[in-house]
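Taking it in order: structure first as structure tokens, then the write-up.
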Amino acid sequence: MYSFEPTEEQQMLMEAVGKYAVNDLRAVARDAEEGGVLPAKLVTKGWEIGLLQASIPEIYGGFGERNAVTGVLAVEEMAFGDLAGTLAVLTPSLFATPILLAGSEEQKQTYLPNVIGGEWRPYTAALIEYVFDFDPNALKTAAYESGELFILNGEKAFVPFARDAEAILVYANLAGKTQGFIVPRDAHGLTVSEEREKLMSLNALPMYRVKLDSVKIPASNRLGGASGHDFEPILASMRVASAAAAVGVANAAFEYSMNYAREREAFGVKIAQKQAIAFMLAEMRTEIEASRLLTWEAAWKLDQGKDDACIEAYLAATGAADMAMMVTDRAVQILGGHGYIREHPVEMWMRNGRGFAMFTGLMIV
Amino acid sequence: MPIEFEAPKPVQQTQFVLKTVAEEMMRSHSRYFDEHEHEIPWDYIEFMHTAMKALGPGSLAPKQKGNGHGDNGSEQKEKRPSIAYQVLASQIEMLAWGDVGMYLVTPGGGLGAAAVQAAGTPEQKAKFLARFNEDKPTLAAMCMTEAGAGSDTASIRTRAVLDENTKEWVLNGEKIFVTSGDKAFTEYEKLGKGFIVVWASIDPLAGRAGMRAFVVEAGTPGVRVAKLERKMGIRVSDTAAISLVDARVPYDNILGSPTVEKTTSGFKGAMATFDATRPLVAASGLGVARAALEFLKEKLAENGVAIRYGLPRQKLTSVERDVIDMEIMLKSAWLMVIKAVWMADNQTSNALEASMSKVKAGDVCTRITQKVVEILGPLGYSREFLAEKWFRDAKITDIYEGTGQINRLVVARQILGYSGKELR
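As you go down the protein sequences, you meet chains A and B in turn.
The first sequence begins at 1 in our numbering and counts up by one.
The second sequence begins at 1 in our numbering and counts up by one.
This is how it looks when you write it as structure tokens:
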């Protein structure tokens with residue numbers, strides 16, 4: 001049966017996340033972006049909502065089951081508040097969720113209780129590389145097997161909280177396949193850049209380059225253990241998360257510009273009463289709905305283990321990235337000159353909007 | 001019920017059955033009827049009528065409570081939400097995948113019956129709707145548009161005046177763009193007696209409040225099919241111009257109140273019909289789009305072009321990007337249709353979702369069919385294949401049942417909370 005109605009539990013969660021997103025994240029988003037600092041308290045508060053904790057079974061210290069649909073519903077709500085804050089709150093998922101999805105039993109028991117067992121701590125992951133032609137399925141960072149060890153070489157980029165990380169899940173190319181490796185922060189040969197990444201947006205999120213120079217890790221640190229794992233479902237879970245965040249940011253820009261258009265007068269009427277503006281808003285709302293539904297379906301297919309789930313996640317993320325660019329661009333356009341001024345948030349959302357084409361790897365559900 | 005995307009069993013079953021119909025009865029005759037405009041696809045009409053009769057009344061129309069079909073709809077178990085609109089949208093999509101023009105010729109009440117359903121009294125429903133389940137296939141049509149009034153329906157000029165002596169309505173005016181108007185009005189031997197629903201004003205000074213719909217039976221004197229339009233596409237579906245000169249219609253054939261009240265609720269009520277039908281029109285457009293996209297993918301595969309899903313965009317070829325973009329559009333547009341009809345089935349107000357689905361589908365099916373012809377090049381442009389026909393057929397989706405622009409207005413008014421006056 002088709003149904004488009006979140007469960008009561010999901011609705012309660014969405015409400016809690018939505019409140020946090022608007023009252024907490026949105027309230028400090030601009031200052032955080034300008035100052036480059038997210039208040040630690042804010043991240044703690046987001047962590048305490050328990051999105052990750054609720055996706056991990058009791059035997060590993062959590063209190064629920066992972067559900068991608070719940071994940072995308074929550075991520076959209078949170079990103080509606082602020083993207084950088086959302087990514088910060090969810091950074092430990094980058095480490096824990098792949099272990100939950102693909103880790104060996106030993107890895108689950110070793111890491112999951114630690115990650116979720118207390119306060120928010122910077123466990124993170126490194127997928128993106130600072131190269132032309134970046135492709136998560138053709139990484140330049142290489143791993144090779146040497147006896148009981150894996151040896152990693154390469155450089156990762158955009159790694160959130162890498163400087164303070166307890167451990168990093170590093171993705172590397174092992175004989176043509178992308179595989180995850182759990183690398184302790186103090187591993188010999190691993191260096192984290194002093195300077196933070198300087199990007200077009202997400203200034204509030206501390207991200208770093210991570211160099212791997214013949215980093216040796218025990219074979220048991222390969223994600224999934226000796227036989228490794230399939231990267232596709234992990235990538236797909238990253239993609240639906242990115243799609244959901246794109247929908248959240250787009251919806252923020254849409255609502256803000258719509259409210260502005262309702263107030264702003266020109267030629268004796270509200271500009272929203274002009275078809276040139278009203279039609280833009282109608283199309284923005286329509287495209288947001290289109291991306292949202294495709295994202296939901298992709299997440300649902302992941303939960304159901306459908307054959308085409310990974311392709312659908314790719315389609316959802318690709319579509320949402322285009323949609324977010326279109327919608328956030330129009331939001332700035334509707335505010336006109338004011339949209340370009342940093343007193344309004346729309347220019348920040350537009351800078352966020354462009355990023356969804358390359359944010360895969362920064363979030364996961 | 002939690003969020004779910006599994007098509008209900010009846011949807012899956014009907015799609016399975018209709019795929020064969022679409023292939024055997026429709027697709028294989030698409031080209032013939034495209035090139036023989038105004039010939040009538042009797043085989044299809046008779047087959048569908050027989051099939052629908054066998055499947056039970058209203059099998060290709062949502063079951064309505066007390067619809068005069070004698071199926072006691074009101075006594076249906078209320079426990080499970082209806083899925084009638086979901087089934088219908090899926091059927092329409094599949095038939096349009098076969099041939100959207102031919103789908104429009106599917107016997108049944110169409111928009112004419114929908115108007116009776118929306119605005120008629122129980123007696124009128126009983127009187128006018130029973131005929132669609134009788135021995136001969138029967139069609140009905142809706143006459144709204146005039147040469148000087150398209151999207152601006154409130155400015156129609158057709159007049160209805162009550163003859164106090166005979167208690168008949170006397171209709172005068174010229175209607176155009178009546179889908180299936182010929183089959184609904186002209187008395188063909190192979191068809192049952194149909195009707196057209198004519199919109200006219202009973203008080204031109206009252207504007208919308210004075211607008212009423214009248215059921216005009218096939219063959220009514222003074223009414224004639226003045227012209228059959230020659231069209232860019234959907235050629236197998238007749239589009240009639242109908243002239244009414246002193247056409248006399250029984251008093252009881254007026255849908256809604258015979259007196260003019262101050263409110264426009266009657267008109268709005270009838271216009272609400274479109275909330276239900278817009279996602280269905282969207283579904284028909286998406287059937288065409290799917291046909292075109294599937295054809296393109298077949299041709300690409302035949303020629304050794306694989307679509308490398310999962311690659312970052314900058315690594316894709318132009319054709320791969322186009323195909324992936326088209327799949328995104330098509331899938332998300334279909335989900336919007338399904339959501340809109342799911343809401344209708346659950347009796348939730350879906351004016352916003354219905355119009356959004358139509359906006360999206362209108363865009364998607366025109367863009368996909370245009371792109372498919374482009375990518376196929378000479379093969380696409382040639383009449384050897386159907387791609388060029390789907391390109392022509394698809395365009396109407398963004399025009400009828402509210403143009404893309406009218407639906408954008410509806411969406412904008414909904415999201416802004418504006419009246420028609422506030423956002424013209």
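In this text, a Cβ means the ideal position worked out from N, Cα and C, and glycines have one as well.
All values reported here derive from a predicted model rather than from experimental measurement.
Alpha helix (DSSP H) segment containing residue i, residue limits
i: E77 (chain A); result: A68 to G81
i: F214 (chain B); result: Careful: F214 (chain B) lies outside any alpha helix (DSSP H), inside the beta strand (DSSP E) at M211 to E217.
i: A126 (chain A); result: First-last for A126 (chain A): T124 to A126, but that is the beta strand (DSSP E), not the alpha helix (DSSP H).
i: E343 (chain A); result: Unbroken run through E343 (chain A): none, as it is neither H nor E.
i: Q405 (chain B); result: G404 to L416
i: L325 (chain B); result: Residue identity check: residue 325 (chain B) is Asp in the sequence provided, not Leu. Segment S318 to D345, the alpha helix (DSSP H) holding D325 (chain B).
i: F16 (chain A); result: The identity of residue 16 (chain A) in the sequence shown is Ala, whereas the question assumes Phe. That run of the alpha helix (DSSP H) goes E8 to K19.
i: S367 (chain A); result: As shown, chain A starts at 1 and ends at 365. That puts residue 367 (chain A) outside it, with no answer to give.
i: Q314 (chain B); result: Careful: Q314 (chain B) lies outside any alpha helix (DSSP H) and carries neither H nor E.
i: S230 (chain A); result: Residue 230 (chain A) is actually Asp in this sequence, not Ser. It is not in any alpha helix (DSSP H) - D230 (chain A) carries neither H nor E in the DSSP assignment.
i: S357 (chain B); result: A351 to L376
Selection from the options that minimises the alpha carbon distance to residue i
i: E8 (chain A); options: A:L73, A:N137 and A:I311; result: A:L73
i: A253 (chain A); options: A:G81, A:G36, A:E5 and A:L52; result: A:G81
i: S355 (chain B); options: A:A290, A:R196, A:E58 and A:W47; result: A:A290
i: I368 (chain B); options: B:L286, B:N350 and B:T317; result: B:L286
i: P81 (chain B); options: B:Q347, B:G110 and B:L293; result: B:Q347
i: L228 (chain B); options: B:G256, B:F177 and B:Q117; result: B:F177
i: I234 (chain B); options: B:D393, B:M25, B:V17 and B:G417; result: B:D393
i: K339 (chain B); options: B:V87, B:R27, B:W42 and B:T166; result: B:V87
i: V288 (chain B); options: B:A276, B:G192, B:W390 and B:M329; result: B:W390
i: A247 (chain B); options: B:A184, B:A344, B:N253 and B:G222; result: B:G222
i: A361 (chain B); options: B:A283, B:G380 and B:N253; result: B:A283
i: E23 (chain B); options: B:E146, B:G256, B:K136 and B:L95; result: B:L95
i: L335 (chain B); options: B:N407, B:V249, B:S349 and B:V364; result: B:V364
i: A316 (chain A); options: A:G305, A:K274 and A:E287; result: A:E287
Identified DSSP bridge partners for residue i
i: Q179 (chain A); result: A:A172
i: K193 (chain B); result: DSSP, once it has assigned bridges, lists no residue as partnering K193 (chain B).
i: K211 (chain A); result: A:E155 and A:T191
i: A266 (chain A); result: A:V269
i: V198 (chain B); result: B:C143 and B:F214
i: A108 (chain B); result: The amino acid at residue 108 (chain B) is misidentified as Ala; the sequence shows Gly. Partner(s): B:L139.
i: F5 (chain B); result: A:Y2
i: A167 (chain A); result: A:P184
i: K216 (chain A); result: A:I151
i: P160 (chain A); result: A:M207
i: A149 (chain B); result: B:E146
i: R222 (chain A); result: A:F181
i: L255 (chain B); result: B:A213
Element boundaries [beta strand (DSSP E), containing residue i]
i: W467 (chain B); result: No information on residue 467 (chain B) is available, as it lies outside the stretch 1 to 424 that chain B covers here.
i: I242 (chain B); result: T239 to P250
i: Y144 (chain A); result: A142 to S146
i: R159 (chain B); result: R159 to D163
i: R224 (chain B); result: V223 to L228
Beta carbon proximity, residue i to chain C, threshold 9 Å
i: M258 (chain A); result: This model lacks chain C altogether, as its protein chains are A and B.
Checklist entry - Are the segment 365-378 of chain B and the segment 235-245 of chain A touching by the rule of at least three beta carbon pairs closer than 8 Å? => result The answer is no - the segment 235-245 of chain A does not touch the segment 365-378 of chain B, with fewer than three Cβ pairs under 8 Å.
Next on the checklist: For the structure I just gave you, are there three or more beta carbon pairs, one from the segment 1-19 of chain B and one from the segment 322-330 of chain B, closer than 8 Å?
Outcome noted: No, they do not touch.
Checklist entry - Taking contact to mean at least 3 C-beta pairs separated by less than 8 Å, is the segment 210-221 of chain A in contact with the segment 144-155 of chain A? => result Enough Cβ pairs lie closer than 8 Å, so yes.
Checklist entry - Should the segment 327-337 of chain A be regarded as contacting the segment 295-310 of chain A, the criterion being three or more beta carbon pairs within less than 8 Å? => result Contact between the segment 327-337 of chain A and the segment 295-310 of chain A is not established, with fewer than three Cβ pairs separated by less than 8 Å.
Checklist entry - Counting Cβ pairs closer than 8 Å, one from the segment 126-144 of chain B and one from the segment 101-112 of chain B, do we hit at least three? => result By the Cβ test, the segment 126-144 of chain B is in contact with the segment 101-112 of chain B, since at least three Cβ pairs between them sit closer than 8 Å.
Checklist entry - Should the segment 131-146 of chain A be regarded as contacting the segment 164-182 of chain A, the criterion being three or more beta carbon pairs within less than 8 Å? => result Output reads yes: the segment 164-182 of chain A touches the segment 131-146 of chain A.
Item to check | Touching by the beta-carbon criterion (3+ pairs, under 8 Å), the segment 332-344 of chain A and the segment 99-107 of chain A | outcome: Contact fails between the segment 332-344 of chain A and the segment 99-107 of chain A, because fewer than three Cβ pairs, one in each stretch, are under 8 Å apart.
Checklist entry - Which residue spans inside the segment 15-48 of chain B form an unbroken alpha helix (DSSP H) run of at least 4? => result The qualifying runs are 30-35.
Checklist entry - Touching or not, the segment 153-162 of chain B and the segment 97-104 of chain B, by the rule of three or more beta carbon pairs under 8 Å? => result With the cut-off at 8 Å, the segment 153-162 of chain B and the segment 97-104 of chain B do not touch.
Checklist entry - Does the segment 41-58 of chain A touch the segment 16-32 of chain A, meaning 3 or more C-beta pairs lie closer than 8 Å? => result Touching, yes.
Next on the checklist: Pairs of beta-carbons, one from the segment 96-103 of chain A and one from the segment 112-121 of chain A, closer than 8 Å: are there three or more?
Outcome noted: The segment 96-103 of chain A vs the segment 112-121 of chain A: in contact.
Checklist entry - Can at least three beta-carbon pairs, one atom from the segment 229-240 of chain A and one from the segment 351-365 of chain A, be found at a separation below 8 Å? => result With the cut-off at 8 Å, the segment 229-240 of chain A and the segment 351-365 of chain A touch.
Checklist entry - Can you list, in chain order, the stretches of the alpha helix (DSSP H) that have 4 or more residues and sit fully within the segment 268-304 of chain B? => result Counting whole runs of 4 or more residues, the segment 268-304 of chain B contains the alpha helix (DSSP H) stretches 273-302.
Checklist entry - How do the segment 85-92 of chain A and the segment 192-208 of chain A stand: do at least 3 beta-carbon pairs fall below 8 Å, yes or no? => result Segment contact: the segment 85-92 of chain A against the segment 192-208 of chain A, three or more CB-CB distances shorter than 8 Å; contact assigned.
Next on the checklist: Contact between the segment 187-195 of chain A and the segment 127-137 of chain A is defined here as three or more beta-carbon pairs at a separation below 8 Å; is this criterion met?
Outcome noted: Because the criterion of three Cβ pairs below 8 Å is not met, the segment 187-195 of chain A and the segment 127-137 of chain A do not touch.
Checklist entry - Does the segment 45-54 of chain B come close enough to the segment 341-355 of chain A to have 3 or more Cβ pairs within less than 8 Å? => result These segments do not touch.
Item to check | Touching by the beta-carbon criterion (3+ pairs, under 8 Å), the segment 113-124 of chain B and the segment 249-256 of chain B | outcome: Look at the beta carbons and you see the segment 113-124 of chain B touching the segment 249-256 of chain B: at least three pairs across the two are nearer than 8 Å.
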